[in-house]
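Using the numbering used here, you'd call the opening residue of the sequence shown number 5 and step up by one each time. All C-beta atoms in this analysis are idealised placements derived from N, C-alpha and C, irrespective of residue type, glycine included. This report concerns only the one structure given below.
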Amino acid sequence: MSGFPVNDQGLYKARVLVVEDDSLLRTQTHRMAAKLAAEVRVAEDGATGLALWRDWQPDLTITDILMPVMDGLSMSQRIRYEDAHAQIIVATSSSETEHLRKALDIGIDRYVLKPLDEPLLHDAMHKCLRDRAQHLELRLARMVFESVAEGIMVTEKSGRIVAVNPAFSEVTGYRADEALGNTPALLSSGQHSVEFYRHMRESLASVGRWSGEITNRRKDGELYTEWLNIVTVENGAGREPRFVGLFSDITERKRAEEHIRRLAHFDSLTGLPNRVMFMDHIRRSLARVSRTRGSLAVLYIDLDRFKNVNDLHGHAFGDQVLIEAARRMTGAIREGDMISRRGGDEFVALIESESPRQAASLVGNKLIQMVSQPYRINGIEACIGASIGAAVYPEDGEAVDSLLNAADAALYEAKRHGRGILWFPSPDATPPLAHGSMESLLARGLEEDRFELRFLPEIDLRTGAAPRIEALMRLRHPERGLIEAAYFTDTAERIGVMHPLLHWTFRQALTALNALGPDGPGLTMDFSARQLAMPGHPDVILQLLQEFGIEPHRITLEFSEPAVTGNEEGLHAIYQLVAQGFDASLDDFGAGYCSFDLLRQLPLASIKIDQSFIEEIDQEPQSRELVAALLAFGKRLGLRTVAEGVNTPAQLAFLRENGCDAAQGFLFGQPLHADELPAYLAAQSWKDWL
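Dropping the structure here:
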């Protein structure tokens, strides 16, 4: 059936068939109809008209009654038999009363008298086309109702179900006759509070809609999760409104998300929280104790002699020792504390206490004692020990990086002093990257020209091109050399130097980008929560782009989940810049708790898979499963997928096999100075790996 483009009168132009044996009247009717119709075709008798109707399927037929071969009424009757809603106008003379009565008998209620009056013909055409449009809309609505994959349930204001579609029955297990006349309580799982449903009703009453996740129960008793949208629909003047619920069964998706979250946040061997989960936990804990003036301690734990046991008895035996050691350490910490596996034979614990040094001493010595007990596995006995470095907030560090570095330095001292002991930083010692020296370096960094930029290309795994370069900030430390931004940004933000540092970084990066020319790669810049929330942040970025003459589409804004979680100012800044043409990318994807929910909110073009998952592709089956799941998830959402930290050919091969779009990592080269970029991009040496 033809479409209905709208004409300048607001009515639908359509295809019209004119059936008339008189050539003069046929021409006249064609001319009049063409003023409203998109296309007009003619036939000179009923038989020809019927054949043309079947082949062309017009939206409206205008027919004479008395014609040779087949008259107009016989043709109309056959048309109505094949399409009960076909629109037909009969053109008749006043002397054809009997024929007109027969026309009415077969359901044709539109007619015009000859000689034809153009306004009257147009009026009849308008009415027919309106009827046609309404019928098609109703038919389309019915088709959608019957065939859509989402379940639909229509209720009265009282809650009585008055309509359900086939998908409703497929999801819930209830036939239509079982649901009709019931209320939605038929599906109640008992999993939601009275407050939950009260909020739903209030939303429907105030704004006429509600949407969200809800757990319901199928006919067979199985619980399932659905995403439900309810809208209030007016039901005609003086009649109570109805509620239309449209829902999708997202149970499998929720299970997949939970599986991915589990893979992302827990160590596959020991079941302990992994590095990603620990870093999230310590950030939240530090934020909390800084508000409440509380205290906490970090314990860095290294298993002594584990490498010897692993080499002597094999990796399978070593894995069992790690599992047992993790079980013992979990039993040694207090409820509410956390212990996680950092990788290999390294673990880290977080302890919150009003007396953190005392609590750390008690827990640390208990850990050493329990880990040092003999291990008997498959008839073989082995002994290992533990050395622990401890650091206390706020004495040894006030930011995540400084606190962890203090604990790491203390662990080094513990090993140097004989192993099997717990060591705290000495009061007069300044561990590497201790917070005092770091604050001083950062405060003077720009003035003393201590900051540098490096650039890491992103390689498209399909085309072999380098479409983007990522700007990486570095700090030159007098003892430790170049330090990555992850080790000092928390401190920089806390002491208030991040704003000028960000401005310097962006200016330097744009200078490098300009040197590569307008056809060069785009630029990726990483932003933290505080940076995104800085007042006027989008305006500063736009002003710099205008100054350098660079189009926004060449810039990708990269941010991690913590940067936007609960950060309304940051989210607003992202939307504002994306509206100007920037791309947005979610960094460290899979490493947060709410990434899947955020994907529904953020205007993303791409996601970057956290390098901690990529690092373990070669060794851990769980990591391979996780990365494959994350890539599939991103592809399903239509997002570009980028892998960070690709350092081996095996990692690259796995990523390509699983449809990853792009990659970064040392396999393609070390981070480059700005003046090294032109030669690197021209040589395209990374293609040796593709």
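Could you pull the DSSP bridge partners for residue i from this structure?
| i | result |
| --- | --- |
| I93 | I66 |
| S192 | N220 |
| G389 | D308 |
| Y645 | Before going further, note that residue 645 is Thr rather than Tyr in the sequence given. I611. |
| S344 | V352 |
| P277 | F270 |
| I381 | I384 |
| L250 | I156, N233 |
| M701 | Nothing in the structure corresponds to residue 701, since the chain is present only between 5 and 694. |
| D530 | E562 |
| V116 | A95 |
| L300 | E356, Y397 |
| A667 | I463, A647 |
Hey, out of the options, whose CA is closest to residue i's CA?
| i | options | result |
| --- | --- | --- |
| I578 | E551, E555, I611, L536 | L536 |
| Q655 | R213, I613, R331, K639 | I613 |
| Q138 | D63, G76, S192 | D63 |
| L457 | E402, D530, A418 | D530 |
| P653 | R640, Q668, R644, G642 | Q668 |
| A475 | L603, A386, P675 | P675 |
| P245 | E48, R213, P119, Q584 | R213 |
| V175 | D253, V582, R454, A320 | D253 |
To the nearest angstrom, how far is the alpha carbon of residue i from that of residue j?
| i | j | result |
| --- | --- | --- |
| A438 | A395 | The predicted model places A438 with a pLDDT of 40, which falls under 50 and marks its position as unreliable, so this point remains unresolved. |
| W508 | D271 | 39 Å |
| R484 | D543 | 36 Å |
| A433 | A686 | Because the pLDDT at A433 is just 44, under 50, the model does not fix this residue reliably, and the point stays unresolved. |
| E217 | Y228 | 10 Å |
| R84 | I110 | 8 Å |
| C188 | R472 | The sequence shown places Pro at residue 188, not Cys. Using only the alpha carbons, I get a separation of about 52 Å. |
| E226 | G383 | 45 Å |
| A633 | I264 | 7 Å |
| H89 | I66 | 15 Å |
| D87 | E160 | 33 Å |
| P435 | Y416 | Legend: pLDDT at P435 = 42, less than 50; position of this residue unreliable, no value from coordinates given. |
| A447 | R480 | 13 Å |
| V20 | M36 | 11 Å |
| D587 | A411 | 39 Å |
| Q81 | A107 | 9 Å |
| G524 | Q580 | 25 Å |
| Y304 | P625 | 26 Å |
| N239 | R466 | 54 Å |
| Q688 | M333 | 49 Å |
| V46 | I92 | 14 Å |
| R423 | A390 | 7 Å |
| G440 | D400 | Residue confidence for G440 is low, a pLDDT of 44 falling below 50, so the modelled location carries little weight; the figure read from the coordinates is stated next. Rounded to whole angstroms, G440 to D400 spans 9 Å at the Cα level. |
| L70 | L208 | 59 Å |
| M283 | L290 | 11 Å |
| A18 | Q32 | 18 Å |
| L144 | D665 | 39 Å |
| T645 | F593 | 10 Å |
| A678 | A363 | 49 Å |
| A414 | A301 | 12 Å |
| A167 | H130 | 33 Å |
| S627 | I618 | 7 Å |
| L561 | D405 | 24 Å |
Considering residue i, what are the terminal residues of the beta strand (DSSP E) in which it resides?
| i | result |
| --- | --- |
| N409 | N409 -> not in any beta strand (DSSP E); alpha helix (DSSP H) instead, spanning 404-420. |
| D591 | 587-593 |
| I487 | 485-488 |
| A23 | As written in the sequence, residue 23 is Val, which differs from the Ala given in the question. Its beta strand (DSSP E) spans residues 19-23. |
| V46 | 43-47 |
Measure the beta-carbon distance from residue i to residue j and round it to whole angstroms, keeping in mind my assumption that it falls under 8 Å.
| i | j | result |
| --- | --- | --- |
| A183 | L190 | 7 Å |
| S193 | R221 | 4 Å |
| L671 | W693 | 6 Å |
| S532 | E497 | 7 Å |
| L517 | L527 | 5 Å |
| R345 | A330 | 7 Å |
| M442 | F492 | 6 Å |
| T236 | F247 | 6 Å |
Does the CB of residue i have a neighbour CB from chain C at under 8 Å?
| i | result |
| --- | --- |
| E488 | The structure shown has no chain C; it contains just one protein chain. |
Along the chain, where does the alpha helix (DSSP H) that runs through residue i open and close?
| i | result |
| --- | --- |
| N369 | 360-375 |
| I545 | 541-552 |
| I327 | 319-336 |
| V175 | 170-176 |
Within 7 Å: the Cβ of residue i and any heavy atom of the ligand ATP?
| i | result |
| --- | --- |
| V46 | No copy of the ligand ATP occurs in the structure displayed, which carries no ligand at all. |
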